[in-house]
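Engineer: The following block contains the structure, expressed as structure tokens.
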Amino acid sequence: MTSIVYVLNGPNLNLLGQREPDVYGHETLADVEAACRETGRDLGLDIRFHQSNAEHQLVDWIQQARGEAAAIVINPAAFTHTSVAILDALNAFDGAVIEVHISNVHKREAFRHHSYVSGRADAVIAGCGTQGYLLALQRAAKLVTA
Ligand code: CA2
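This is the structure:
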């Protein structure tokens, strides 16, 4: 049976590849989506890929994943450091949660060192560039078939 995995992206990640390539690389979000779909196919995962700049939309997708998805891979972007609403929504989700950051947030400004989402995540990947999404899918595949 194919497991559904939501891949959720927070604010400004739609700008990936357009600015700050030294921090976030040259790939666009469309490139990341294509790579996730290809890796998902190889792993037998059905990928639902979304991006929003709105906190409520991310909360709505996490709620939609309840009862539907086996895992959520999430890069909450700036909401990582601010959003109790996203943490609460993830706490109401029973499947695996993997948090991804393209950059190594611990090497950056102090305000990026704390993540509300890490309190719920089963795994956290940071500093692996956009490859982090694919590593997260590999881990998700392992967790959902365990
Ligand atoms: O490293 C990550 O993936 C982050 O989640 C990215 C967030 C940042 O607020 C987190 O601290 C770490 C920022 C996403 C904004 O992405 C942009 C990409 C290209 C150009 C401008 C913004």
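Each residue of the sequence shown is one higher than the one before, starting from 1496 at the first, in my numbering. Note that the Cβ used here is the ideal one computed from N, Cα and C, for glycine as well.
Please tell me whether residue 1553 and residue 1584 are closer than 9 Å, where the distance is taken between their beta carbons.
Structural biologist: Yes; because the gap between Cβ atoms is below 9 Å, this pair is in contact.
Engineer: Using beta-carbon positions only, say whether residue 1594 and residue 1575 come within less than 9 Å of one another.
Structural biologist: Contact flag set, yes.
Engineer: What separation, rounded to the nearest whole angstrom, lies between the Cα atoms of residue 1599 and residue 1496?
Structural biologist: Residue 1599 and residue 1496: Cα-Cα distance of roughly 35 Å.
Engineer: In whole angstroms, give me the CA-to-CA distance for residue 1528 and residue 1512.
Structural biologist: Cα to Cα, residue 1528 sits roughly 13 Å from residue 1512.
Engineer: Let's see if you can read the secondary structure: which residues bound the alpha helix (DSSP H) around residue 1525?
Structural biologist: Counting along the chain, the alpha helix (DSSP H) containing residue 1525 begins and ends at 1524-1538.
Engineer: Hey, residue 1538 and residue 1633: beta-carbon distance below 9 Å or not?
Structural biologist: In this structure, residue 1633 lies closer than 9 Å to residue 1538 by Cβ.
Engineer: Is the distance from the Cβ of residue 1524 to the Cβ of residue 1546 below 9 Å?
Structural biologist: A contact, by the Cβ cut-off of 9 Å.
Engineer: Taking the beta strand (DSSP E) that residue 1518 belongs to, which residues open and close that run?
Structural biologist: Per DSSP, residue 1518 belongs to no beta strand (DSSP E); it is in the alpha helix (DSSP H), 1516-1519.
Engineer: Following the continuous alpha helix (DSSP H) through residue 1629, name the residue where it begins and the one where it ends.
Structural biologist: Residue 1629 -> alpha helix (DSSP H) spans 1626-1640.
Engineer: Rounded to a whole number of angstroms, what is the C-alpha to C-alpha distance between residue 1542 and residue 1498?
Structural biologist: Distance between the alpha carbons of residue 1542 and residue 1498 is about 9 Å.
Engineer: Hey, how far is the Cα of residue 1519 from the Cα of residue 1597?
Structural biologist: So the two alpha carbons sit approximately 6 Å from each other.
Engineer: Counting C-beta neighbours from all protein chains within 10 Å, is the total for residue 1503 16 or more, i.e. buried, or is it exposed?
Structural biologist: Label assigned to residue 1503: buried.
Engineer: From what residue to what residue does the alpha helix (DSSP H) around residue 1553 run?
Structural biologist: Residues 1550-1560.
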